[in-house]
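Residue numbers (the working numbering): 175 to 478.
By construction, the Cβ of each residue, glycine as well, lies at the ideal position given by its N, Cα and C atoms.
The structure displayed is predicted, hence computed values, not measured ones.
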């Protein structure tokens, strides 16, 4: 039996990753009659174990956060309810896979959708990591998304595994929001971050003493930072660039001397004290050119 549990992909936080639904198994003793032929939407997908074909029957996709998705593929198990809830009713003899995809941005401006997590059972399929994937269509509820996978070959336990080809997955919509790390109130923002020539609106900002966190997603004073395309933070004078667009977090203590964060008028909100924050200037982190501009309302978080 092969079963897959996906790990978090691409998220970043102050101390913790944003809680999200991770597929887990719920055992069942129901007998399974395994299909001999793949479903029509999966006929172009080839999956083998020790050279023997595995006929896939079901494929579903959800959006975890902007430019960040999770795909479930299986023969006798799988549904949108299971993918969204994170609990898969695993059956004896059944096989399922969950693949995490995210858009990745290169410092020189090009981008690609890549595999950021692929696990079968308790063993990751390491050969799949960072491989490019083509994703088209809609991941909205009841939409149809076409996914073209590269050739993936690895060893699961003592068995050789291979997967390659295209499939059409049923859209399940967005991952349900847990609310963790999200402010209670709306905070005005007219600020942008341009990274490698691509402009993004900033939606979250916190101050903690002289430390700053800026995110293209929401952010409150809790240790949790929801998944976001780009997150820039400054702690103790050290800068960090992270987010689902960034393959690996980048830290540096230089290259950003021309970036200015000016703190203005204070206020109050349902999330606690606030402060006006004006951004300006440009710099480079890990080869990524960054440009900051505009103003937004930041949460003025306690230092302890």
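Quick one: what's got a C-beta closer than 7 Å to residue i's C-beta in the same chain, skipping five residues either side?
i, result
"residue 312", "318, 319 and 345"
"residue 444", "358 and 359"
"residue 435", "386, 451 and 453"
Pull up the CB-CB distance for residue i and residue j, whole angstroms please, since I reckon it's below 8 Å.
i, j, result
"residue 269", "residue 228", "6 Å"
"residue 390", "residue 415", "Not quite, the Cβ-Cβ distance comes to about 12 Å (not below 8 Å), so this is no contact."
"residue 419", "residue 408", "The Cβ separation is near 19 Å, so there is no contact."
"residue 406", "residue 381", "Actually they are not in contact, since the Cβ atoms of residue 406 and residue 381 sit about 13 Å apart, beyond 8 Å."
Using 10 angstroms around the beta-carbon of residue i, count the other beta-carbons present and answer buried if the total reaches 16, otherwise exposed.
i, result
"residue 357", "buried"
"residue 353", "exposed"
"residue 316", "exposed"
"residue 399", "buried"
"residue 280", "exposed"
"residue 375", "exposed"
"residue 212", "buried"
"residue 417", "buried"
"residue 462", "buried"
"residue 244", "buried"
"residue 334", "exposed"
"residue 373", "exposed"
"residue 188", "Bear in mind that a pLDDT of 43 at residue 188, under 50, signals an unreliable position, so the model cannot answer this."
"residue 425", "exposed"
"residue 310", "exposed"
"residue 477", "exposed"
"residue 238", "buried"
"residue 355", "buried"
"residue 341", "buried"
List the endpoints of the continuous beta strand (DSSP E) containing residue i.
i, result
"residue 258", "Per DSSP, residue 258 belongs to no beta strand (DSSP E); it is in the alpha helix (DSSP H), 254-259."
"residue 247", "242-248"
"residue 235", "232-239"
"residue 303", "Here residue 303 belongs to no beta strand (DSSP E), and DSSP marks it neither H nor E."
"residue 462", "462-474"
"residue 337", "333-348"
"residue 216", "Premise fails: residue 216 is in no beta strand (DSSP E) and is neither H nor E."
"residue 368", "363-369"
"residue 416", "412-416"
"residue 385", "385-389"
In its own chain, which residues sit with a C-beta less than 8 Å from the C-beta of residue i, not counting the 5 before and 5 after it?
i, result
"residue 448", "361, 440, 441, 442, 471, 472, 473 and 474"
"residue 338", "219, 220, 323, 324, 325 and 326"
"residue 253", "232 and 234"
"residue 276", "183, 184, 241, 242, 243, 287, 288, 290, 418 and 419"
So, at 6 Å on beta carbons, what are the nonlocal neighbours of residue i in its own chain, with the 5 sequence-adjacent residues on each side left out?
i, result
"residue 306", "286 and 288"
"residue 222", "336"
"residue 304", "288"
"residue 257", "234, 236, 246 and 346"
"residue 181", "A caution first: residue 181 carries a pLDDT of 32, below 50, which makes its placement in the model too unreliable to give a value."
Open item on the list: Any contact between the region 419-434 and the region 451-471? By contact I mean 3 or more CB pairs, one from each, below 8 Å.
Closed with: yes
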